[in-house]
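A.B. asks: Quick one: the structure is below, questions incoming.
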Amino acid sequence: TGYVITNSHTPATTEVSGAKTWDDKDNQDGKRPESITIRLYANGVELKDKVLTVTEDNGWAWSFTNLPKYEKGVQINYTISEDAVADYTTTVNGYDVTNSYTPGKTSVGVTKSWQDNNNQDGIRPESITVKLLANGKDTGKTLTLSKGNSWAGAFSDLDEYKDGELIKYTVEEEDFTNANQYETVIAGNAGTGYVITNSHTPETIDISGSKTWDDKDNQDGKRPESITIRLYANGTELKDKALTVTEEDSWAWSFTGLPKYEKGVQINYTISEDAVADYTTIVNDYDVTNSYQPGKTSVGVTKSWQDNNNQDGIRPESITVKLYADGKDTGKKLVLSQKNTWTGSFTDLDEYADGEKIVYTVEEREVEGYDAVVSGSAETGFVITNSHTPAKPGDAADPDEPQKPEQPGKPEDAKGDTPSTGDPTDQVLWMAILALSGMGLGGILIAMKSKGDRGKEK
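For the sequence shown, counting from 1, position 165 maps to 165 in UniProt numbering; every step adds exactly one.
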C-alpha cells in the first residue's frame with residue numbers, strides 16, 4: 001500500500017497592535033467621538049473581516065492577532081487606516097493614530113461708557129480695571145481701560161469650551177476712586193461684547209436773587225414794568241438763561257438745576273441786569289439794587305404891596321405863606337419881610353408823587369386891611385399882591401384927620417329940666433369946643449405939609 005510521509009509546518013503568524021492619541025486638550029470642546037473605526041490592510045488590500053470599532057472602553061487601543069506573516073514566502077506588509085473623525089486631523093504612525101483638534105478660541109470685548117456729562121464734576125478716574133470670569137469663576141485675567149485706549153479693549157485667545165461645554169464669560173469692574181458716586185450697569189454678552197456704563201448725576205446748584213428799588217417807592221413813576229437778568233458761567237453768558245422779571249414775580253428771580261462744576265472746577269456764576277433808564281445799578285452777588293434820585297424843585301414866592309408905600313402905616317412887618325401840594329397843606333411855611341426883600345422860596349421839593357407831577361400852590365395867611373391876589377405858577381414863581389387903598393384927606397376913614405365938629409343945632413325948646421341956650425355954662429362950653437377945633441385944624445395942616453415935604457424928598 002505504500003507509505004505516506006506527511007510534512008507539517010505551521011505558517012508563521014504576526015500581530016498588529018496600535019493605540020489612539022487624542023490631541024484635543026482633553027476633549028476640551030467635547031468634539032471627541034464615542035468611537036473610531038480602524039481598518040487593516042495586507043499589502044494595501046483591505047481585509048474586510050478585520051475592521052475594528054474602538055472606544056474609550058478599549059482604552060482607545062486595538063490589536064489584530066494571528067495574522068499570517070507571509071504570503072508565498074514573502075512577508076506581508078500590514079497597514080491600518082482610520083475612518084475620518086469630524087473636526088479632527090488624523091496622523092498614522094505605524095499602527096498608532098493621533099487625532100488632533102485645535103479647540104475653538106474666542107475673545108470678549110469690553111467698552112466703558114461714562115454717563116457723567118463729560119466728567120463735569122471731575123471725579124472720573126484715569127482708568128478702570130475689568131476682571132474676566134469664566135462660568136462665574138475669576139480667570140485671573142484683567143483688562144485696563146482708559147482714555148488712552150478710548151475706554152475699549154478685549155480679552156483674547158480664550159477657550160470656547162471646557163469639558164465639552166461652552167464657557168460662559170462675564171466681566172466685572174473693580175472698585176475705583178469715587179466709585180461710590182457712580183452707578184454701574186453691565187450690558188451685553190460675550191458674543192457681542194460687554195458695555196459697562198458708569199453713571200453719575202452731576203451736582204447742581206440753584207441761584208436766587210431779588211431786586212431792591214431805591215427810588216422812594218417809585219415816587220417819580222420812572223420804574224419800568226420789567227427788567228432783564230442775564231446769567232454768566234465763568235464770564236460767558238448763558239444765552240438761554242435770560243429772565244424777564246416783573247412785579248408779579250415780586251422782583252425776584254431764580255436759576256435752578258445749574259451744573260456746579262465744569263471739568264471738576266466749580267463754576268463761577270454771575271449775573272447782570274440790562275440797563276434801566278434813569279437808574280444806576282449795583283449788583284451784589286445775585287441781588288440787584290436800582291437807585292434813582294427823584295427830581296427836586298423849588299417854588300419861588302414874591303410879595304408885592306399895593307398900598308402907596310404903606311401910606312396908612314398898616315402894612316405888617318412880615319407875612320406867612322403856606323405851601324400846598326395837590327391842594328393839601330404840606331405844613332411848609334415861608335416868612336417874607338423887609339429883611340428878605342419880601343421874596344423867598346420853598347426848596348428841596350419833590351417833583352412827583354405816585355408817578356404824577358405835583359401841583360404846588362401857595363396861600364397867604366390873611367393880612368387885615370388888604371386884599372390878596374396870587375398870580376404866577378410853581379414853575380415861574382408866585383406873586384402875592386396885597387392891595388390896600390389909602391384913605392384921602394378929609395375922608396372919615398382917614399385916621400390922621402380928626403372929625404370936624406358938628407355945628408351946634410338950634411336948641412329945642414327947653415322941656416323939663418333941659419338947660420336953656422342962654423345958660424352961661426353952655427356958652428363957655430361951646431367956646432372951648434371952638435378953640436380946640438381951631439387947634440386941631442392947625443395941627444392937621446402942619447401934618448399935611450410935613451407929608452408933602454417928605455413926598456418931595458422921595
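The beta carbon of each residue, even a glycine, is placed where N, CA and C say it ideally should be.
None of the values given here were measured: they were computed from a predicted structure.
To the nearest angstrom, how far is the alpha carbon of Ser150 from that of Thr212?
C.D. replies: For the purposes of this step, residue 150 is taken as the residue at position 150 of the sequence shown. For the purposes of this step, residue 212 is taken as the residue at position 212 of the sequence shown. For Ser150 and Thr212, the distance between alpha carbons rounds to 52 Å.
A.B. asks: Measure the C-alpha to C-alpha separation of Ala252 and Ser210 and round it to an integer number of angstroms.
C.D. replies: One-based indexing of the sequence shown puts residue 252 at position 252. One-based indexing of the sequence shown puts residue 210 at position 210. Looking at the two C-alpha atoms, the distance is approximately 4 Å.
A.B. asks: Which of the three DSSP states is assigned to Asp159 in this structure?
C.D. replies: Numbered from 1 along the sequence shown, position 159 holds the residue referred to as residue 159. Asp159 falls in the strand class under three-state DSSP.
A.B. asks: Under 8 Å between the Cβ atoms of Lys260 and Gly122?
C.D. replies: In the sequence shown, residue 260 corresponds to position 260, counting from 1. In the sequence shown, residue 122 corresponds to position 122, counting from 1. Cβ atoms of Lys260 and Gly122: not closer than 8 Å.
A.B. asks: Bridge partners for Asn386 per DSSP, in chain order?
C.D. replies: The sequence position of residue 386 within the sequence shown is 386, counting from 1. Asn386 is bridged to Trp305, Ala372.
A.B. asks: Below 6 Å CB to CB, which residues in the same chain sit around Tyr324 once its five sequence neighbours on both sides are set aside?
C.D. replies: The residue given as residue 324 occupies position 324 in the sequence shown. Same-chain partners within the cutoff: Thr361.
A.B. asks: What whole-angstrom Cβ distance do Gly104 and Asp29 have, given they're in contact under 8 Å?
C.D. replies: Stepping through the sequence shown from its first residue, residue 104 is reached at position 104. Stepping through the sequence shown from its first residue, residue 29 is reached at position 29. That belief holds up - the Cβ atoms of Gly104 and Asp29 are roughly 6 Å apart, short of 8 Å.
A.B. asks: In whole angstroms, what separates the C-alpha of Gln306 from that of Pro294?
C.D. replies: Along the sequence shown, read from residue 1 onward, the residue named residue 306 stands at position 306. Along the sequence shown, read from residue 1 onward, the residue named residue 294 stands at position 294. C-alpha separation (whole angstroms): 39 Å.
A.B. asks: With DSSP collapsed to three states, give me the class of Lys296.
C.D. replies: In the sequence shown, the residue the question calls residue 296 occupies position 296. Lys296 falls in the strand class under three-state DSSP.
A.B. asks: Tell me the rounded alpha-carbon separation between Ala154 and Gly140.
C.D. replies: Within the sequence shown, the letter at position 154 stands for residue 154. Within the sequence shown, the letter at position 140 stands for residue 140. Roughly 14 Å separates the two Cα atoms.
A.B. asks: Using the beta-carbon count (16 or more within 10 Å), is Gly438 buried or exposed?
C.D. replies: Numbered from its first residue, the sequence shown carries residue 438 at position 438. Its pLDDT being 47, under 50, Gly438 is placed unreliably by the model, and the measurement read from it follows with that caveat. Looking at its Cβ environment, which holds fewer than 16 other Cβ atoms inside 10 Å, Gly438 is exposed.
A.B. asks: So within the stretch 229-291, which uninterrupted beta strand (DSSP E) runs reach at least 3 residues, ignoring any that extend past its ends?
C.D. replies: For the stretch 229-291, whole beta strand (DSSP E) runs of length 3 or above, ordered along the chain, are 243-246, 252-259, 269-273, 280-284, 287-291.
A.B. asks: Could you tell me the boundaries of the beta strand (DSSP E) in which Glu173 lies?
C.D. replies: Along the sequence shown, one-based indexing puts residue 173 at 173. Segment 169-173, the beta strand (DSSP E) holding Glu173.
A.B. asks: By the DSSP assignment, the beta strand (DSSP E) with Ser100 in it spans what residues?
C.D. replies: Your numbering for residue 100 matches position 100 in the sequence shown. Where Ser100 is concerned, the enclosing beta strand (DSSP E) stretches over 96-100.
A.B. asks: If you run the structure through DSSP and keep just helix, strand and coil, what is Lys50?
C.D. replies: By one-based count along the sequence shown, residue 50 stands at place 50. Here Lys50 sits in helix by DSSP.
A.B. asks: Report yes if the C-beta distance between Lys296 and Leu349 is below 8 Å; otherwise report no.
C.D. replies: What you label residue 296 is simply residue 296 of the sequence shown in a count that begins at 1. What you label residue 349 is simply residue 349 of the sequence shown in a count that begins at 1. Their beta carbons are under 8 Å apart, which means Lys296 touches Leu349 by this criterion.
A.B. asks: CB-CB under 7 Å to Tyr286, same chain, minus the five flanking residues each way: which ones, in chain order?
C.D. replies: Walking along the sequence shown from the start, residue 286 turns up at place 286. If we look at Tyr286 and ignore the five residues flanking it on each side, its Cβ neighbours are Ile207, Ser208, Gly209, Ile271.
A.B. asks: Exposed or buried, Lys147, counting other C-beta atoms within 10 Å across all chains shown (16 or more means buried)?
C.D. replies: Sequence index remark: in the sequence shown, residue 147 carries index 147 (1-based). The residue is exposed, with fewer than 16 neighbouring Cβ atoms inside 10 Å.
A.B. asks: Where are the beta strand (DSSP E) runs, 3 residues long or more, that stay fully inside the UniProt domain "CNA-B" (108-199), in chain order?
C.D. replies: Counting whole runs of 3 or more residues, the UniProt domain "CNA-B" (108-199) contains the beta strand (DSSP E) stretches 127-134, 137-146, 152-159, 169-173, 183-189, 193-199.
A.B. asks: Can you tell me whether Gln120 is buried or exposed, with buried defined as 16 or more other CB within 10 angstroms of its CB?
C.D. replies: Stepping through the sequence shown from its first residue, residue 120 is reached at position 120. Its Cβ being crowded by 16 or more others within 10 Å, Gln120 is buried.
A.B. asks: Would you please state the rounded distance, in angstroms, between the beta carbons of Ser17 and Ser63? I believe it to be under 8 Å.
C.D. replies: Here the question's residue 17 lines up with position 17 in the sequence shown. Here the question's residue 63 lines up with position 63 in the sequence shown. So it is a contact: roughly 4 Å between Cβ atoms.
A.B. asks: Using only CA atoms, which one of Asp116, Arg124, Ala242 lies nearest to Pro202?
C.D. replies: Numbered from 1 along the sequence shown, position 202 holds the residue referred to as residue 202. Ranking Asp116, Arg124, Ala242 by Cα distance to Pro202 puts Asp116 first.
A.B. asks: Pairs of beta-carbons, one from the stretch 93-108 and one from the stretch 179-198, closer than 8 Å: are there three or more?
C.D. replies: They touch, by the three-pair rule.
A.B. asks: On the three-state DSSP scale, how would you describe residue 463?
C.D. replies: The structure shown does not extend to residue 463, since the chain is modelled only from 1 through 458, so no value can be given for it.
A.B. asks: Starting from Tyr360, follow the beta strand (DSSP E) in both directions and report where the run begins and ends.
C.D. replies: On the sequence shown, residue 360 is found 360 positions in, with the first residue counted as 1. Here the beta strand (DSSP E) through Tyr360 covers 360-364.
A.B. asks: Rounded to the nearest angstrom, what separates Lys303 and Thr330 at their Cα positions?
C.D. replies: Along the sequence shown, one-based indexing puts residue 303 at 303. Along the sequence shown, one-based indexing puts residue 330 at 330. Rounded to whole angstroms, Lys303 to Thr330 spans 20 Å at the Cα level.
A.B. asks: Buried or exposed: which applies to Ile80, given that a residue is buried once 16 or more other Cβ atoms fall within 10 Å of its Cβ?
C.D. replies: Residue 80 sits at position 80 when you count from the first residue of the sequence shown. Buried, by the Cβ-count rule.
A.B. asks: Can you confirm whether the stretch 47-64 touches the stretch 1-10 when touching is taken to mean that 3 or more C-beta pairs between the two stretches lie within less than 8 Å?
C.D. replies: Cβ pair count under 8 Å is below three, so no.
A.B. asks: With distance defined between alpha-carbon atoms, name the residue in Asp163, Lys168, Ser226, Ile38 nearest to Leu132.
C.D. replies: Taking the sequence shown and counting its residues from 1, the one referred to as residue 132 is at position 132. Out of Asp163, Lys168, Ser226, Ile38, Lys168 has the C-alpha closest to the C-alpha of Leu132.
A.B. asks: Indicate whether Gly235 and Val301 have their beta-carbon atoms separated by less than 8 Å.
C.D. replies: Working through the sequence shown from its first residue, we reach residue 235 at position 235. Working through the sequence shown from its first residue, we reach residue 301 at position 301. In this structure, Val301 does not lie closer than 8 Å to Gly235 by Cβ.
A.B. asks: Does DSSP put Asn58 in a helix, in a strand, or in coil?
C.D. replies: For the purposes of this step, residue 58 is taken as the residue at position 58 of the sequence shown. Here Asn58 sits in helix by DSSP.
A.B. asks: Report yes or no: do three or more beta-carbon pairs, one from the stretch 308-324 and one from the stretch 354-368, lie closer than 8 Å?
C.D. replies: Cβ pair count under 8 Å is three or more, so yes.
A.B. asks: Between Tyr279, Ala179, Thr177, Phe176, which lies nearest to Ile227 when the distance is taken from Cα to Cα?
C.D. replies: Taking the sequence shown and counting its residues from 1, the one referred to as residue 227 is at position 227. If we check each option's Cα against that of Ile227, Tyr279 comes out closest.
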